[in-house]
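Here is the structure we will look at.
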Amino acid sequence: MKRHLLSLAILWLAGLVSAASNEFIDLHPLPRHVWDMDHLSKRDDAAQSVGLQDHEKFMWASGQEANTKVTAVSMVVYSKQDEKILDLDKVAFALESVTCGDKMVLKFNNKLFYAAAKFAWNWVNYNDLRSFVVVANWKGCGDPKARNPWVVSNAAFADKTSTITLDSVQSTWQKVSNSYNMDFGDIVLGSGGKSKRWLDFDLSKAFTVDLSSSFPSEIANWSMTTPYVDAYLAIECEDCGTQGTLQFAGHIEGSVFGGIDKFEVSATPHGIAAHLGLSLTFHGEVDFDTLPAPGDEFTLLELPLPSGWRVPGVLQFGPNVKINAGYTIERIVGDARVSTGITASVPDDSVAKVDLASKNPVEISGWIPEIETDPLEVSVQIDATAHVYTEVAVAASIEVLDENGVNVEIGIKVPDVTVTASAGYNVDGFCDNDTGKPFGLKLDASLGASLGLQGYTELKGDKDVFLDVTLYETPALYTFPQLCLAFGKQSPGACIPEQHTFDPDDSYPPGGYTDSEDDAGANIAERSLRLAKRDEKSAAYLTRKPYLLGCDEEKKHEIWPQKYQKPTSLRNKLQVPIMKPGMGCGEDEDEECPASTWSMDKLPDTLTKADRALVTQKGWASEHIYEGNWIRDFIQHLVDEKYPAIDGSTVGDDTKCKGAVNTFGNKLGVVIDTKTPRDAGNYSEALMQNLGTTWTSGERMALLPQIQNSMKYDIFNGNNIDASFSKKTLNQRVCSLGRIATVCKYMNHKAIRDRMVITNNALEAVLDQLQTSSEVYKPDGLDFKTAHQKWFEDMYKAGFENARTRLGTYLTSITSAELDSLDPDTKAAVQNVQDNCKEVWPLDSA
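Written out as structure tokens, the structure reads:
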């Protein structure tokens, strides 16, 4: 016997939102002799040194000492048609001076190299469409870190002074490049005499981002205090943080007309792990299902990373790591503290590689975390559902040739924790291995992980996402063994309504309600065999049973409840009254219910959405006021008192039950109009459709706590309202008396009586139509409306009489000494508790 009483859903996000602007460290041009061994062997060849090329290679780095690891960028630029390119670094040893401007003047100190340059560069003078790009590394020729390109359209030669004057205009890399390749990462520079490749796109050559961090112990505190809601949530973390490094490398290819053709970024983890020593403390009764859930996102900490790096005008890379936190609250019902410890590590052989310009952009291997856990612990008896995860995300903003800028984010969500704690009651023992304790808690938990990647451009703060993929998602990477804990008594703050009889019409577990108003497509072919037809396609009936007449031994003639909405949806209909007792739902030994809490109030219609969150799906009932089982009881009353044993062709046999089935279950040709989208197929269905349903709830239903709803069912069914009353402590007995009093006050409340009158009037209209029908059997002399009025009055008054009688019996178990221990107001309320259960009659009284 299990019932969810307390639910908590939290979304805890630790991650990165965006790649924030960094202070950039400029990389410096790497002299060609450090990385281009081939160039050294060609320095004696003048023609090779000064020759104009179709493409050229350039390199920048954070240092230039041999055998040291540096961050490096390599770029290969391909020239346009009728354009060549020259890196002056190749001929710097043969130049005496260089002056840049509209007239770039180069004075050679070697006549042989001057002559070779004159021969090669005179190429530009033969055609006005020709030009060549000079990349100068001399002072005064632009940003020495960027190595600015100059476009030359004409060359003049002075043989006497070995001077060449070039008509030139300073340009940008974006304008002069027909196409280009770029690679970036970490490399170890070669020694002077050893041949070394300039830079490969290789995962072993990557720059490193350190992810080590420690989280603050206090993650979040949320509270809500209004006249109707008192709830809070505290999230704490002990010994929480991340460790390890993430290494990046990249390769870019592009063209002046086509933009970026290839944009590869790879990331490999090294020792990445996250530890989460999480504690959740929560209190209150609040459920935000169908309402805007409270939540927040904020920066928990920002990792102190080294600055980003850049080659001005060529490439800039800004790594950024923030640990952000966030939460959303779905439900809290009760008081508890839940804690666990989890460590998740990412295997070092994992690789994530993405080509942002490819149709198949993602290549992934590994990355599924390895999990180690501490035992789950819970401090009190609760019912909860919690979803918690951490996400460490790394972002890099990358800008190519000043104009093509993208951002790449890699988010590692680990661990992704789902915890479900289900509190309940079983008189035979909650846990199989501890049968002597009726209260208990079953704790289930699973751990998952996921890896996501997003690529986007950003303009004035607006994201344009062009790649957003979940590389993997594993919700059940590890499952904890189920933990069952049994208790001999109820814990403070816990509500266990299954100790009481459930109203079969109002009290259903999740899945027993429907929020849909679409009733189309129902099969009505078998209505002649049923009293009130079940909608076969409705999820509202997955866990329900039909009502059956006592005379229906074969259980063939079913009366089915109609669709209605769950409490957390019904509360959003402002016409539906929310009836709140002054006392809470807890029934532990320390619970106190003074006379001041013995109230039953209709909350204001102007209640805010946030305040309406006090209505929880599992602690409240969508209350029908006029119950569905009363329709069954009325028909059974007619069978017992009004239907004769008959034999005739109209009825089919000589049973009294068959006569009633003919009257209320016979398939009709006439239309019985109701407020549901579908016309009733018989009179029992018409009666059920006129109770509280999805379409009539605004004027015929109310919201009532589940415990009071269960007590109402017992009161009007003649049951013992609290069978264990005499075994309870004084506090518990006083609370039980108070709750019974609030049920009577609920039934006598004007808002509830008005809705009962509306329902009765609707039912009597159906009975009037039945009275004049020629399609069904009717016993001689029976007026259905009059019979219902008499039956209802007797049933209604008998319910109040049952309540008064039971209260009188309960009072005998309270001694004089116990009465004297109460405060005067509560003592008087206990002594006069039966006065609360005097019915207001007639129902339409002022």
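Taken in order, the sequence shown gives residues 4 to 849; the numbers are from the working numbering. All C-beta atoms in this analysis are idealised placements derived from N, C-alpha and C, irrespective of residue type, glycine included.
Item, Value
"On the criterion of 16 or more Cβ atoms from any shown chain inside 10 Å, does Gln834 qualify as buried, or is it exposed?", "exposed"
"Report the three-state DSSP secondary structure of Asn224 (helix, strand or coil).", "strand"
"Hey, is the segment 700 to 716 in contact with the segment 786 to 793, meaning 3+ C-beta pairs nearer than 8 Å?", "no"
"State the Cα-Cα distance for the pair Lys87 and Phe135, rounded to the nearest angstrom.", "4 Å"
"Touch check for the segment 758 to 772 and the segment 596 to 612: three-plus C-beta pairs under 8 Å?", "no"
"DSSP on Asn184, reduced to helix/strand/coil?", "strand"
"Does the Cβ of Gln565 have 16 or more other Cβ atoms within 10 Å, making it buried, or fewer, making it exposed?", "buried"
"State whether the segment 577 to 587 contacts the segment 742 to 749, with contact taken as three or more CB pairs (one from each stretch) at a distance under 8 Å.", "yes"
"If you draw a straight line from the alpha carbon of Asp717 to that of Met750, how long is it in whole angstroms?", "14 Å"
"Below 7 Å CB to CB, which residues in the same chain sit around Ser217 once its five sequence neighbours on both sides are set aside?", "Gly244"
"Is the beta carbon of Glu267 sitting closer than 9 Å to the one on Gly253?", "yes"
"Count the CB pairs spanning the segment 544 to 563 and the segment 674 to 686 that are closer than 8 Å, and state whether there are at least three.", "no"
"I need the straight-line Cα distance from Asp676 to Ser687, nearest angstrom please.", "13 Å"
"Taking one C-beta from the segment 807 to 814 and one from the segment 663 to 679 each time, how about it: are there three or more such pairs within less than 8 Å?", "no"
"Near Val642, what residues of its chain come up, given a Cβ to Cβ distance below 7 Å and the 5 sequence neighbours on each side ignored?", "Leu552, Cys554, Lys659, Cys660, Ala663"
"For Gly587, name the three-state secondary structure that DSSP assigns.", "coil"
"Let me know the secondary structure DSSP gives Arg574 once reduced to three states.", "coil"
"Under the three-state reduction of DSSP, which class applies to Leu236: helix, strand or coil?", "strand"
"Measure the C-alpha to C-alpha separation of Ala849 and Asp757 and round it to an integer number of angstroms.", "10 Å"
"Buried or exposed: Asp290, going by 16 or more other Cβ atoms within 10 Å of its Cβ?", "buried"
"Roughly how many angstroms lie between the CA atoms of Ser572 and Asn632, to the nearest whole one?", "23 Å"
"For Ala296, which residues does DSSP report across the bridge?", "In the DSSP output, where bridge partners are listed per residue, Ala296 has none listed."
"What does Ser77 pair with, by DSSP beta-bridge criteria?", "Met62, Asp186"
"Could you work out which residue in Asp186, Gln177, Gln173 is closest to Ser77 when comparing CA atoms only?", "Asp186"
"Is it buried or exposed, Gln692, if we count other Cβ atoms within 10 angstroms and call 16 or more buried?", "buried"
"Locate the beta strand (DSSP E) running through Glu86, then write down its first and last residues.", "86 to 90"
"Using the beta-carbon count (16 or more within 10 Å), is Leu115 buried or exposed?", "exposed"
"Check for me: the beta strand (DSSP E) holding Ala624 runs from which residue to which?", "623 to 626"
"Among the candidates Leu294, Thr346, Asp847, whose CA atom is the shortest distance from the CA of Leu279?", "Thr346"
"Comparing C-alpha positions only, which one of Ala49, Val73, Ala806 sits nearest to Phe96?", "Ala49"
"Can you give me the C-alpha to C-alpha distance between Lys800 and Glu842, rounded to a whole angstrom?", "7 Å"
"My output table needs one value for Glu561: the three-state DSSP class, helix, strand or coil.", "strand"
"Within 10 Å of its beta-carbon, does Lys93 have 16 or more other beta-carbons around it, so buried, or fewer, so exposed?", "buried"
"Using the rule of at least 16 other Cβ atoms within 10 Å of the residue's Cβ for burial, across every protein chain shown, is Ala569 buried or exposed?", "Reading the sequence as shown, one finds Lys at residue 569 and not Ala. When all chains shown are included, Lys569 counts as buried."
"How about Thr859 and Val212: do their beta carbons lie closer than 9 Å?", "Limits of the chain in this structure are 4 at one end and 849 at the other, which puts residue 859 out of reach."
"Looking only at its chain, what residues have a beta carbon closer than 6 Å to the beta carbon of Ser156, apart from the 5 residues adjacent to it on each side?", "Ser134, Asp170"
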